[in-house]
Each structure stands twice: as structure tokens, then as C-alpha cells.
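Each remark here refers to the structure printed beneath this line.
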């Protein structure tokens, strides 16, 4: 691979990884498995190592992936730092923890608890009355969610013992029943289904409308007494008993243990029943019970020395690949799908698993009829971990993706320097329907109530052939209601109103919704920052586009090629005639270099900026963004749920700033 090819491949991989980071961290809707992501990431790291001249601080290999939704919640400083625990992944690691404690503390007693998978909050009671609730934040400063926590019915608002000040820590979660109820409602309204209980609980607790919390029915388990004035305790288990007497739901079914066999038995017992619980757990926590012993053991620079969290490996089950089919996406990408003999795993029945592309199939050597081991990546996405070759039936044939599109019959094309197979036909049903669905999606034009079934129904019934036709649907209101194509009168009116409102979304969302290859919402925002309207974007040549931040040869070529197509220009004219705004609402990119020579590291969730937005601001001012903390780091910008990067910054003496500090620096 020569230098030009390497640069093109690096640009392509960076775009793909940014896209999949966004799908995973922000949308909770990943499209690929951890395996495929890691393959791309390793390839990019190797290319960057071989070609340091193409190094970029904004590469996905140099920064974290997640971002945060914009919101406005009051910041509150914690009385006691809210810290994380040391993780253990094997029996040997937990036994080593037990042995170390035995060497430092005489006859220690331990408490083993379930590690609830929710959102950590700290609750403050003054004279027995709940007055404040704070998210973990960066461990030092959190956000007030008091009004929302007041809507959690199971939480006592007044304690039975009116002590001057009590501070407790708990985990807010959503039950399995309420999660399924929320998803039924999403399905009825055509919204995107939630991926897991933890994400919807966290998102709900940060809502600005407290009625949503009441409607979704969040719950809470309290697991630690942080501060108590007016009463003393000698052990953690004693505090749990007292908190239960005050009306709290405390750590469920915790166990007191004295020997390592007892500890491991408790951990295994939690694992056996974890998928039958109404709440999610992501491990078990082993804590020293004595509060005096905890004070003696103290902390390292990162974690308390008196506790460890054991993380369970993904549950795996054997099943059989009954068939392999293929699907066609909006860009024509052909994705193979394994149809599995239904098997219950991680709390739900799994009957499908994506096989991604031909390279993935060849690497795993998955064939129809194979017995395979299946797990859920992150306890969410079904994936085939491995094939069991000794159980393969005689005559099993290697699976090869079709050389023609299964929807329209067009000859398929493999991407140059890529693994994906695509249908090139613009008339392919699969591509056209998925393109309409994507245009209306949350990340693009944000038409509420518009999902895959809506796109198919409108296309199949002849109302919509392309995205511009969406804006003519109001002419057919009565017909849509009578036919029930997208629901009853209220659903139709809600959809039509949302479509009409989307006309004013502006250039960023419009460019995103057009579905141009390698142009996601971040690239669309960069374009909208540098061009006043869509006409200016269409008039720009490839060299002008390549000069923009985050744009390389491939993205620039894809963009200019799209606008060079007469049919695409005709589509844009149709949108213009329907009154769709094509004017940028983004602020022009900043030009000064106030951050020149500075290196920033981002960690945690920022209150109002996404990580991508903060990175863009830093780079626009001439600064660099790194994915790891070192002595050369200038600032660590820390938000909610900041982790090890914050701890390392504190140990190295690197200055830690909040988003408020950052906003003052850029204003």
C-alpha cells in the first residue's frame, strides 16, 4: 500500500469509526459488534503507526467515543467524592483481594451485594426531609435531579428518624416490566425502541420534564450511607439495616461472609439468577463490613482499598444456525444475518445475529447448520462468538454473499479497500425505503413517529417514492386516515405536523438526511459552519472541501460526486420547492489560535456540549485533543461519570476544568 492509498484508508477508517462511535455511545443503537469494531480500530492503529505523518489528535484512536445530549441541569458540589471501584474479572483476582485484606485486618467480615446497573445518585436529607438529589458527575461536581427524584414513588421523602443531616448513595433503575411498557409505547407511536434498561433510566432521570419520570416509573436501591450526623455506626451492614428501617429499598439480598468460599458462593449465586431479576445488574460488589477497618485500609490514588467489583463474563449458549439471509440498507450495503434456533440468553430470546460481511463470515467460518456459541455483546447485541467445528454436519457448505442484490437483482459491487458488498442500483426497493427512513430519523430531519414500518407503508402504498414526497403527504390527509396507512387520525396529524416542522431544521440536518456516503452529522455540521447554504456547498470543488477540518480525499470525493449527479440535483430542487430550508444555522468556525500548544483530554459526560463539539472547539482554536492523560496534558475537561482519566490527572497534578471553566476560556 503506497502513501496515497494509506492516507485514503486512514480517512475512511476514521470516518467509519466515528460513525460507529456515535451509533454506540450517543444513539444506543450500534450496527456492528465489538469484534468488527476492534478489527477496524486495530487496522487504523497499525496504519497510523506506519504513517506518523498522518497523525491526528482527532483520530478515534486518540479520543473517547461518547457524547452527551444537550440539557440544562443545576450543578452541585459533592460533600464526599463519589468514587468508582476496582474491577476484578476472575476468581483469582477476588481471592487476591480477600487475601490482602486478611493480611491487613484481623478476622475481617465482608458484605457481598449485587452491582445494580443504573445511574448513581446522592440524596441529601436535612432534619429528615429530602432536599437534594445529585448525579455522580465527575465525582466532585454533579447535577441536581431533585425534581425528578421526587417522582420516584418508592423513595422516602421524609425519614422516620429526623437526624440533622443524612446523605445516602443509591442507584436509580428501571424494572424489566416498565422497560417493556416503555418500548410498547415507542412501537405504538413509531419511535425508536430503547436498547436496555440502564440507558433509558439514565436518560429519564436527566429529563427536564419531571412528569416523564413519573410516567416511566423509575425505582431506586440505596447501597451506602455516605454521611450521618446525630448517629454512629460500626459496620456497613448495620447502616443497611438502619436505612431499611427509614423506608429505603436497600441493596437486595446482600450476604455477610467471612471466608473466601462463602464470598465466591455468593458471587456465583447472584450470577445464577441474574437474568430472572426485574432490575439489571452488571456484577457483584465485595466490601469490607467494618467501617473502622475501611478507614485503616484507606484508598489508592484511584479507588478504595476496601472493596472490589466482580464483573461477570457474557452469558454464552449453544444454538444452531438454521439459515443465513441477507438484508439491504439505505446505502446499498448488503448485510448477512444468521437465523438461529431460538435460545434464551441474557434475559431474552435470541433468534438472529448479524454476520456483518464476507470477511467476518470467512473468519468465523459460519455455515448453515453449524452449532455455534452465542453471546450478547455488552449484554445487548447478539453475536456469534465461535463455531463448534466438531459438531458440524457432513457436507456443510461455505456461505458466500450473493453476486446479485436479493431485492432488485442488480450485480453487487465490493468496496475498494473495504469489506462491504453493496447494491449499486438507485432503483433498489431496499435502498429507497431505507433512505426515506433515514431522512426522517432522529439524527437527520427528526420526524417524530416515523419508523421503518412507516417508510415501508408509505412507499408500498405509492404515497412516497423519494424523500421530497414526504412534504406532499398533507394533500392526502383524509386518504391516509381512511386507509390507516400510518395509524388513526391523531397519529396522522402528529406525523404531518412533524414533517411540516422539519422544513425549518436547517442545513446540518438536511445534509445529514440526504444520506451521502461518508457524510454523517459531524461532517454535515462542519460544512454548515463553513458554507452559508446548500447552494454554496454544491458549488464547492473537491479541493475546497478537503481543506475543511475532518475532511479527506474520500469524503470530499463522495460529496462532490453526489452533487454532480443530475438526479440528486433534481431531488434537491423538489425539496426547495416544498419549502425546505437550505440555509445554515451554525455559527461560523472560529479562527483564532488561543489554544495553540495546549493538549486537552476529555472525560465523562459534559452538561451542554457533546464530546465531538468540545473537540471541534478546541481544534478550531489551535489546540489538540488526546485520548490519554500524561504529564504533557494541559487540561483535563471533566464531566459527569468521569473515570480513570480524572484520577490520573489528579495524581499527575494536571489541571482539571469543568465545562463552566471551558466556556469562560472560549468566550
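Numbering (my numbering), first residue to last: 933 to 1599. Even glycine gets a Cβ: it sits at the ideal position worked out from N, Cα and C.
Note to self: Let me check one thing: in DSSP terms, what residues is residue 1257 bridge-paired to?
What the structure shows: 1269
Note to self: For a test of the three-state rule: what should DSSP assign to residue 1534, helix, strand or coil?
What the structure shows: strand
Margin query: Helix, strand or coil, according to DSSP, for residue 1492 in the structure here?
Written below: helix
Item checked: Neighbourhood of residue 1360 by C-beta distance below 7 Å, restricted to the same chain and skipping five residues each side -> 1260, 1264, 1337, 1339, 1340 and 1342
Next item on the list: Would you kindly report the start and end of the unbroken alpha helix (DSSP H) that includes residue 1029?
Entry: 1023-1036
Item checked: Closest residue to residue 972 among 945, 1045 and 986 (Cα-Cα distance) -> 945
Next item on the list: Could you have a look at residue 1064 and say whether DSSP puts it in helix, strand or coil?
Entry: strand
Next item on the list: Using a threshold of 8 Å, state whether the C-beta atoms of residue 1553 and residue 1527 are closer than that.
Entry: yes
Notebook entry, point to check: In angstroms, rounded to a whole number, what distance separates the CA positions of residue 1035 and residue 1168?
Noted result: 21 Å
Notebook entry, point to check: Does the distance from the CB of residue 1439 to the CB of residue 1460 come in under 8 Å?
Noted result: yes
Item checked: Cα-Cα separation between residue 1427 and residue 1402, rounded to whole angstroms -> 10 Å
Checklist line | Presumed contact (8 Å Cβ cut-off) between residue 1109 and residue 1153, rounded CB distance | finding: The Cβ separation is near 16 Å, so there is no contact.
Next item on the list: From the DSSP output, read off the bridge partner residues of residue 1042.
Entry: 1189 and 1220
Note to self: Classify residue 1195: buried if its beta carbon has 16 or more other beta carbons within 10 angstroms, exposed otherwise.
What the structure shows: buried
Checklist line | Contact under 8 Å by Cβ, residue 1221 with residue 1041 | finding: yes
Notebook entry, point to check: By DSSP, does residue 1001 sit in helix, in strand, or in coil?
Noted result: Low per-residue confidence applies at residue 1001: pLDDT is 35, beneath 50, and the placement is therefore not dependable, though the value from the model is reported in the following sentence. Reduced to three states, the DSSP call for residue 1001 is coil.
Check: In or out: residue 1193 buried (at least 16 other Cβ within 10 Å) or exposed?
Finding: exposed
Margin query: Between 1016, 1394 and 1176, which has its C-alpha nearest residue 1072's C-alpha?
Written below: 1016
Notebook entry, point to check: Where does residue 1470 sit, in a helix, a strand or coil, going by DSSP?
Noted result: helix
Item checked: residue 1128 - DSSP class collapsed to helix/strand/coil -> coil
Notebook entry, point to check: With DSSP run on the structure shown, which of helix, strand or coil describes residue 1425?
Noted result: helix
Check: So residue 1051 is in the beta strand (DSSP E); what residue range does that whole segment cover?
Finding: 1051-1058
Next item on the list: Kindly confirm or deny that the segment 1443-1456 and the segment 1364-1371 touch, where touching means at least three C-beta pairs closer than 8 Å.
Entry: yes
Margin query: Counting beta carbon pairs with one atom in the segment 1393-1409 and one in the segment 1329-1336, are three or more of them shorter than 8 Å?
Written below: no
Next item on the list: Identify every residue that forms a DSSP beta bridge with residue 1251.
Entry: 1304
Next item on the list: Please work out which residues of its chain come closer than 8 Å, Cβ to Cβ, to residue 982, disregarding the five sequence neighbours upstream and downstream, and give them in chain order.
Entry: 938
Notebook entry, point to check: Exposed or buried, what is residue 1092 when buried is set at 16 or more other beta-carbons lying within 10 Å of its beta-carbon?
Noted result: exposed
Margin query: Give me, in chain order, the residues of the same chain whose beta-carbon lies closer than 8 Å to that of residue 1480; leave out the 5 immediate sequence neighbours on both sides.
Written below: 1458, 1459 and 1462
Next item on the list: Please state if the CB of residue 1045 and the CB of residue 1176 are separated by a distance shorter than 8 Å.
Entry: no
Check: Taking buried to mean at least 16 other C-beta atoms within 10 Å of its own C-beta, is residue 1377 buried or exposed?
Finding: buried
Notebook entry, point to check: Just checking, does the segment 1062-1072 make contact with the segment 1222-1237 on the three C-beta pairs under 8 Å criterion?
Noted result: no
Check: Skipping 5 residues on each side, what residues in its chain have a beta carbon closer than 6 Å to that of residue 1283?
Finding: 1272 and 1274
Notebook entry, point to check: Quick one: complete beta strand (DSSP E) runs, 3+ long, within the segment 1308-1353?
Noted result: 1313-1319
Notebook entry, point to check: Cα separation between residue 1185 and residue 1048?
Noted result: 12 Å
Check: Is the CB-CB distance between residue 1005 and residue 1076 below 8 Å?
Finding: yes
Check: residue 1587 to residue 1566, Cα distance in whole Å?
Finding: 7 Å
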